[in-house]
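Visitor:
Quick look at the structure:
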């Protein structure tokens, strides 16, 4: 990453540099940024600087066209002595680099973690200078070189750059089509193919489909996307199976590609070329319910280079049997089956399963074609472990009634148990597979009277992790002796219960617990000399819903031992005394806090947090009933410019808050809900002359004027906009047009339909259409 400023670009070297190693840097930056001055700062050891300058004199003739000959000492905060070299660029490169967030600088050049050599860039520079009048037919080697450049650099995602890159991709595709028309598609070796990022390949593939005249509506529905839908399954996929890097093919896309390939030999050859040379490794097949020849023809193009397949929401996987006849599954090592229905006892499945090194099942419904009632698997062993642990806690007098503080016996014989699905035994099947190669995940709930366990279980016998829910009880201890339970606790949620220092200390001994939440709880500390143990696992703490605390200092001590705490939530609490003590506590370090939520404290500025204590804060949720001027006060601190996510609820916003958010250039997500604007508009919170990079914007019951709509329309990175249908001043909504946005933006309207507002509704439906308009 190269740090930059608005006036010049500074490239810092803190290792020994030879002239031959930085020659390429000179050359690359001379041709990649227009009309910029580059200053290279060297602050190595003095003897290394001397050695570098000696080398520089030897190469002076070669470098004279890149740099000025004036070498001066440059003083700055990083070191006392360094040398700078200035170079100037030529205005010949048509693309702008993507500017991303940084804790220290706003403008940056980002290069992905790929190696780019001098020759590759020389050819790319030649290609750029020829564009768009390029007439040379590009060989395979040059094609891969140029495509690799696009994959390495992250260019600005604006309309102009998109158009240029799309035109360049079209030129590359024309060369591919020309080459394969005359030379055909030869057998591809691993030495020729290159592994590119999936995000770029999806764009390249989308362009292929567009060139071959797929209609626009179809292109807008196919799932060539970077991230999988959040509703793909009811269990968090993180740590189990990552689908972000997969190509996605559903039934409709299979059908369209197959139909086009049958009538166009050029299209078929181009797809073969694409999937073979670019070494696509991972694909998702979605919504397959019956086998057709469409799947076969497309898969024969896809699968020779594939090594991971994921089946999502499929009820028929027999097409894999037909593919196996063509020996295209031999390179596949991993098969994942998610939210699907599988006949695991069929002979076809038994033959298929031995082909893969790893098989992953996640919330898939198994069934047997012979006997449904046969061998239903039991998790009695797991339930028995939980029963024993709850019984032991009963014996330790851990649970008490809230009202009379008498011992509370939890009946371990009276519990509720449920699967997400009703699984059939897989363990007892006579299938020869590699040890530990089959992984079956299920969500399981075990509910006692006042304690609930929500588990994710592997292979019906191993707990991956589980969450604990406790409510309406006085709990003094919570001790698990069974390591397979103790080490798998992930989150603890406590509702309307009495909490003691002993219980809090027990929580600190769960080595993998990452979050704990208290709602409507009463903290009763009896032993003020009690010392909490350090904890390294908990990163999230929530004290919510009118919790009461009899001794604030103990809560401070508990928070202080959470060494890796990143998120602190103090919502809807009348605990301003806690805040006063917390902010004034010199022992407590706020450097670790990245997310902070604070509600309904006081209008007294002395009680508000000193946000200079939050050097690394990135997310802030604040409210409510603050008076105007408070937002300006909060965001007057320099470190608040690092905020990525901001949510403000029920504030009074007035003239004192003008331009309060003007410095939030890193802001990605903004929510303003139920705020009262007096003599000020939403856009007045910013500097309308500056550029902001907000991606998701939600304004609930905020009256919008015409200038607000204009400001919103100029947010070039905006992806999601949520507004209230009724809260437009006069006819300001007519300014909200789809064409104003730099790229298509999803508009969600919270709407109360009145017949008198039918014209307004019709306007939004006509302007945005059903594809981008969502009515709630």
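Numbering (full-length UniProt numbering), first residue to last: 1 to 776.
Where is the CB? At the ideal position from N, CA and C, for every residue including glycine.
From a predicted model like this one, the values you see are computed outputs, not experimental measurements.
Output needed for residue 408: all residues of its chain with C-beta closer than 7 Å, excluding positions within five of it in sequence on either side, in chain order.
Guide: Position 408 of the chain shown, counted from the first residue, corresponds to residue 408. Same-chain partners within the cutoff: 399, 400, 401 and 473.
Visitor: State the Cα-Cα distance for the pair residue 388 and residue 502, rounded to the nearest angstrom.
Guide: For this step, residue 388 is matched to residue 388 along the chain shown. For this step, residue 502 is matched to residue 502 along the chain shown. If you take the alpha carbons of residue 388 and residue 502, they lie about 21 Å apart.
Visitor: Measuring CB to CB, does residue 305 end up less than 8 Å from residue 281?
Guide: As a first step, residue 305 must be located in the chain shown, where it is residue number 305. As a first step, residue 281 must be located in the chain shown, where it is residue number 281. Result yes, Cβ atoms of residue 305 and residue 281 sit closer than 8 Å.
Visitor: What residues in its chain sit with their C-beta under 7 Å from that of residue 658, if we drop five residues either side in the sequence?
Guide: Position 658 of the chain shown holds residue 658. The answer, listed in chain order, is 680 and 684.
Visitor: Based on Cα-Cα distance, which residue from 555, 524 and 311 lies nearest to residue 532?
Guide: Position 532 of the chain shown, counting from 1, holds the residue named residue 532. The shortest C-alpha separation from residue 532 is found at 555.
Visitor: Pick out whichever of 510, 563, 395 and 530 has its Cα sitting closest to the Cα of residue 536.
Guide: Counting from 1 along the chain shown, the entry for residue 536 is found at position 536. Ranking the options by Cα distance to residue 536, first place goes to 563.
Visitor: Does the Cβ of residue 527 have 16 or more other Cβ atoms within 10 Å, making it buried, or fewer, making it exposed?
Guide: Taking the first residue of the chain shown as position 1, residue 527 is located at position 527. Residue 527 comes out exposed.
Visitor: Could you please give the first and the last residue of the uninterrupted alpha helix (DSSP H) stretch that includes residue 261?
Guide: Counting from 1 along the chain shown, the entry for residue 261 is found at position 261. 251 to 263 is the extent of the alpha helix (DSSP H) around residue 261.
Visitor: Between the beta-carbon of residue 356 and the beta-carbon of residue 334, is there less than 8 Å?
Guide: As a first step, residue 356 is located in the chain shown; it is residue number 356 there, counting from the start. As a first step, residue 334 is located in the chain shown; it is residue number 334 there, counting from the start. Cβ distance < 8 Å, so residue 356 and residue 334 count as in contact.
Visitor: Can you tell me which of 723, 522, 711 and 512 puts its alpha carbon nearest to the alpha carbon of residue 692?
Guide: On the chain shown, position 692 is the one that residue 692 refers to. Nearest of 723, 522, 711 and 512 to residue 692, Cα basis: 711.
Visitor: Which residues share a DSSP beta bridge with residue 522?
Guide: Here residue 522 refers to the residue found at position 522 when the chain shown is read from its first residue. BP columns for residue 522 point to 498 and 548.
Visitor: Based on Cα-Cα distance, which residue from 476, 635 and 310 lies nearest to residue 249?
Guide: Taking the first residue of the chain shown as 1, we reach residue 249 at position 249. Of the listed residues, the one whose Cα sits closest to residue 249 is 310.
Visitor: Inspect the beta-carbon positions of residue 468 and residue 485 and report whether they are closer than 8 Å.
Guide: Position 468 of the chain shown, counting from 1, holds the residue named residue 468. Position 485 of the chain shown, counting from 1, holds the residue named residue 485. Going by C-beta atoms, residue 468 is not nearer than 8 Å to residue 485.
Visitor: Does the distance from the CB of residue 451 to the CB of residue 410 come in under 8 Å?
Guide: As a first step, residue 451 is located in the chain shown; it is residue number 451 there, counting from the start. As a first step, residue 410 is located in the chain shown; it is residue number 410 there, counting from the start. Cβ distance < 8 Å, so residue 451 and residue 410 count as in contact.
Visitor: Which of helix, strand or coil does DSSP assign to residue 334?
Guide: For the purposes of this step, residue 334 is taken as the residue at position 334 of the chain shown. Residue 334: strand per DSSP, three-state reduction.
Visitor: What residue does the beta strand (DSSP E) around residue 723 start on, and which one ends it?
Guide: Taking the first residue of the chain shown as position 1, residue 723 is located at position 723. Segment 720 to 724, the beta strand (DSSP E) holding residue 723.
Visitor: Hey, quick one: how far does the alpha helix (DSSP H) through residue 710 stretch, first residue to last?
Guide: Translated into the one-based positions of the chain shown, residue 710 becomes position 710. 706 to 713 is the span of the alpha helix (DSSP H), which, as asked, contains residue 710.
Visitor: With distances taken Cα to Cα, identify the nearest neighbour of residue 256 among 287, 393, 298 and 270.
Guide: Here the question's residue 256 lines up with position 256 in the chain shown. For residue 256, the nearest C-alpha among the options comes from 298.
Visitor: Per DSSP, residue 671 is paired with what?
Guide: Residue 671 sits at position 671 when you count from the first residue of the chain shown. Note: residue 671 sits in a beta bridge opposite 647 and 698.
Visitor: Assign residue 80 to one of two classes, buried (16 or more other C-beta atoms within 10 Å of its C-beta) or exposed (fewer than that).
Guide: The count along the chain shown starts at 1 and reaches residue 80 at position 80. With a pLDDT of 47 at residue 80, under the threshold of 50, the modelled position of that residue is not reliable, and the figure given next carries that caveat. With fewer than 16 other Cβ atoms within 10 Å, it is exposed.
Visitor: By the three-class DSSP mapping on this structure, what secondary structure does residue 474 have?
Guide: Reading the chain shown from its first residue, position 474 is the one you call residue 474. DSSP places residue 474 in strand when its eight states are reduced to three.
Visitor: Assign residue 448 to one of three DSSP states: helix, strand, or coil.
Guide: Mapped onto the chain shown, residue 448 falls at position 448. In the structure shown, residue 448 sits in coil (DSSP, three-state: anything other than H, G, I, E or B).
Visitor: Can you tell me the Cβ-Cβ gap for residue 497 and residue 471, rounded? I've got them flagged as a contact below 8 Å.
Guide: Against the chain shown, residue 497 aligns to sequence position 497. Against the chain shown, residue 471 aligns to sequence position 471. Indeed, because the Cβ distance is near 6 Å, the residues count as touching under 8 Å.
Visitor: Report the rounded CA-to-CA distance for residue 530 versus residue 504, giving the unit in angstroms.
Guide: Locating residue 530 in the chain shown gives position 530, where the first residue counts as 1. Locating residue 504 in the chain shown gives position 504, where the first residue counts as 1. The straight-line gap from Cα to Cα measures roughly 11 Å.
Visitor: Which residues bound the beta strand (DSSP E) around residue 569?
Guide: Translated into the one-based positions of the chain shown, residue 569 becomes position 569. It spans 567 to 570 - the beta strand (DSSP E) in which residue 569 sits, taken as one unbroken run.
Visitor: Could you work out which residue in 634, 287, 413 and 551 is closest to residue 449 when comparing CA atoms only?
Guide: One-based indexing of the chain shown puts residue 449 at position 449. Ranking the options by Cα distance to residue 449, first place goes to 413.
Visitor: Residue 322 lies in the alpha helix (DSSP H); which residues open and close that run?
Guide: Here the question's residue 322 lines up with position 322 in the chain shown. First-last of the alpha helix (DSSP H) with residue 322: 319 to 325.
Visitor: Give me, in chain order, the residues of the same chain whose beta-carbon lies closer than 8 Å to that of residue 593; leave out the 5 immediate sequence neighbours on both sides.
Guide: Numbered from 1 along the chain shown, position 593 holds the residue referred to as residue 593. Cβ neighbours of residue 593 beyond the five flanking positions: 565, 566, 567, 568, 614, 616 and 617.
Visitor: On a CA-only basis, which of 340, 265 and 678 is nearest residue 284? Give me that one, please.
Guide: Here residue 284 refers to the residue found at position 284 of the chain shown. Considering only alpha carbons, the answer is 340.
Visitor: Pull up the CB-CB distance for residue 499 and residue 518, whole angstroms please, since I reckon it's below 8 Å.
Guide: Within the chain shown, numbered from 1, the residue matching residue 499 stands at position 499. Within the chain shown, numbered from 1, the residue matching residue 518 stands at position 518. Yes, residue 499 and residue 518 are in contact; Cβ-Cβ is about 7 Å, under 8 Å.
Visitor: Look at the Cβ atom of residue 559, then the Cβ atom of residue 598, and state whether they are nearer than 8 Å.
Guide: In the chain shown, the residue the question calls residue 559 occupies position 559. In the chain shown, the residue the question calls residue 598 occupies position 598. No. Outside cutoff.
Visitor: Can you name the residues that DSSP bridges to residue 637?
Guide: As a working mapping, residue 637 is identified with position 637 in the chain shown. Answer is none; residue 637 lacks a bridge partner.
Visitor: Looking at residue 538 and residue 514, is the spacing between their C-beta atoms short of 8 Å?
Guide: Numbered from 1 along the chain shown, position 514 holds the residue referred to as residue 514. Numbered from 1 along the chain shown, position 538 holds the residue referred to as residue 538. In this structure, residue 538 lies closer than 8 Å to residue 514 by Cβ.
Visitor: In terms of residues, what are the limits of the beta strand (DSSP E) holding residue 680?
Guide: In the chain shown, counting from the first residue as 1, residue 680 sits at position 680. First-last for residue 680: undefined, no H or E at that position.
Visitor: Quick check on this structure: which residue in 406, 561, 736 and 273 has the alpha carbon closest to the alpha carbon of residue 723?
Guide: Locating residue 723 in the chain shown gives position 723, counting from the first residue. It is 736.
Visitor: Which residue's Cα is closest to the Cα of residue 207: 246, 672, 466 and 274?
Guide: As a first step, residue 207 is located in the chain shown; it is residue number 207 there, counting from the start. Considering only alpha carbons, the answer is 274.
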